[in-house]
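Residue numbers (full-length UniProt numbering): 1 to 205.
C-beta atoms are modelled at their ideal positions from N, C-alpha and C, and glycine is treated no differently.
Quick caveat, the model's predicted, so the values are computed rather than measured.
Remarks on the structure that follows.
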């Protein structure tokens, strides 16, 4: 989603360092009293939210195949009707009972992140087209100077994925599968590879 130029100013980039969890998830870091709960934690929905409830889990994996233990992952997505709860979207039409944004630190023992959310709908695009249902991911960790942005698409949405305007712009089609989650039981698994043969496609936005 693009904001008007000048609406939001970009902050200077710097490495996340070892303090990202203290600033973004103080309760997770053992610091109580800043927020009642860490911002973005917990389910993105309530009992009135429209849409199919889903679980997303995964790891951020380095070039050596190791799961990072200190990564912080955020997601941003549309609601079940493909609308974002944002001032720049069609005001008042997005589901008011859906948060649309979540934040999760990786487990300090396993590195796994988990989100409880809903499956998004197709997102309107230019010229009457639609983007396939997807969820945007943003990743920070030690040594990453600028947060990495990528997307997760759904394996059962083959027809919609084939018509998605962003996926169509990826030159090397063999890399498209790095953006497709896999279904394991009742959960979608989406591992984000920072480097290596299975490096995830990242977007310069």
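{"Check": "Where the alpha helix (DSSP H) through residue 22 begins and ends", "Outcome": "20-24"}
{"Check": "Closest residue to residue 127 among 140, 165, 79, 183 (Cα-Cα distance)", "Outcome": "165"}
{"Check": "In DSSP terms, what residue 72 is bridged to", "Outcome": "105, 140"}
{"Check": "Counterpart residues of residue 57 in DSSP-defined beta bridges", "Outcome": "114, 189"}
{"Check": "Proximity test, Cβ basis, 8 Å: residue 111 and chain B", "Outcome": "Chain labels in this structure do not include chain B; a single protein chain is all it has."}
{"Check": "For residue 184: DSSP bridge partner residues", "Outcome": "187"}
{"Check": "Burial state of residue 66 (16 or more Cβ within 10 Å)", "Outcome": "exposed"}
{"Check": "The segment 104-117 in contact with the segment 146-160 per 3-pair CB rule at 8 Å", "Outcome": "no"}
{"Check": "Residue 143 versus 125, 130, 72, residue with shortest Cα-Cα distance", "Outcome": "72"}
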